[in-house]
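Notes follow once the structure below has been shown.
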Amino acid sequence: MDFGSIAENENVSTVAEHVQHLANENMCLQERTEGLYGLGDLQERMGKLAGSKADLSARTVFGEEEKLKISKDLIDLQIETNKMKEQYETENFELKNMILALENHVLELELCSEKVTGERDTLRERLHALETSRKELADEYIILKSNYLALGKELDQEVRQAAVLVLEFLT
């Protein structure tokens with residue numbers, strides 16, 4: 001079980017490091033998004049300053065705005081993807097922990113079952129020995145009772161013979 005705990009601790013630290021990495025990456029992406037918004041503001045001001053090239057500037061600004069919008073959407077998508085990865089890894093980690101806990105519970109139940117089976121077998125052996133002993137005692141009781149009854153009959157005969165002899169002797 002110590003090896004399982006070590007592997008589980010390594011797994012926990014690996015997941016924690018990965019979650020921290022994803023959080024750092026999200027923060028960098030959000031900073032880039034803010035920088036892109038600032039860049040868009042600068043480009044708008046440059047477009048206003050270049051009044052003589054209004055048409056060219058308007059197309060450039062429109063193209064740049066589209067690029068910024070696409071870049072922002074891409075960064076937002078990356079942030080969402082990282083959040084989903086983080087959630088997946090968290091859920092996966094929790095499920096693995098549940099599996100480990102259930103496996104430990106199964107092992108405990110198996111050990112308990114083996115213990116109970118051993119105790120049951122021991123009790124069956126004791127019961128068999130007691131039944132054998134009871135049968136032997138019952139047989140011995142029958143023999144002793146038969147001997148007792150036979151001795152009782154012999155005693156009665158001896159008493160009768162003694163009574164007859166006493167009567168003969170007295171008469």
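Counting from 1, one number per residue, gives the positions in the sequence shown under the UniProt record's numbering. Just so it is clear, CB atoms sit at the ideal spot from N, CA and C, and this is done for glycine as well.
Note down the Cα distance separating Glu114 from Ile99, rounded to an integer number of angstroms.
-> Taking the first residue of the sequence shown as 1, we reach residue 114 at position 114. Taking the first residue of the sequence shown as 1, we reach residue 99 at position 99. CA-to-CA, the gap between Glu114 and Ile99 works out to about 22 Å.
Hey, Gln78 and Leu29: beta-carbon distance below 8 Å or not?
-> Mapped onto the sequence shown, residue 78 falls at position 78. Mapped onto the sequence shown, residue 29 falls at position 29. Yes, these two residues count as a Cβ contact at 8 Å.
For Thr171, three-class secondary structure by DSSP | By one-based count along the sequence shown, residue 171 stands at place 171. Reduced to three states, the DSSP call for Thr171 is coil.
Same chain, Cβ closer than 7 Å to Val15, neighbours up to 5 away in sequence not counted = Taking the first residue of the sequence shown as position 1, residue 15 is located at position 15. Excluding the 5 residues flanking it on each side, Val15 has same chain C-beta neighbours closer than 7 Å at Glu89, Phe93, in chain order.
Out of curiosity, what's the CA-to-CA distance linking Ser133 and Glu10?
-> Walking along the sequence shown from the start, residue 133 turns up at place 133. Walking along the sequence shown from the start, residue 10 turns up at place 10. Glu10 has its alpha-carbon roughly 60 Å from the corresponding atom of Ser133.
Whether Glu91 touches Val19 by CB criterion (8 Å) | Start at 1 with the first residue of the sequence shown, and residue 91 comes out as number 91. Start at 1 with the first residue of the sequence shown, and residue 19 comes out as number 19. Contact: no.
Alpha carbon of Lys145 to alpha carbon of Asp121, nearest angstrom = Along the sequence shown, one-based indexing puts residue 145 at 145. Along the sequence shown, one-based indexing puts residue 121 at 121. Approximately 36 Å between the Cα atoms of the pair.
His128 to Lys135, Cα distance in whole Å?
-> Looking up residue 128 in the sequence shown gives position 128. Looking up residue 135 in the sequence shown gives position 135. His128 and Lys135: Cα-Cα distance of roughly 11 Å.
Beta-carbon proximity check, Glu25 vs Asn97, cutoff 8 Å | Sequence index remark: in the sequence shown, residue 25 carries index 25 (1-based). Sequence index remark: in the sequence shown, residue 97 carries index 97 (1-based). By the CB criterion at 8 Å, Glu25 and Asn97 fall outside the cutoff.
Answer yes or no: do Ile70 and Arg32 have a C-beta to C-beta separation smaller than 8 Å?
-> Translated into positions along the sequence shown, residue 70 becomes position 70. Translated into positions along the sequence shown, residue 32 becomes position 32. The criterion of a C-beta distance shorter than 8 Å is not satisfied by Ile70 and Arg32.
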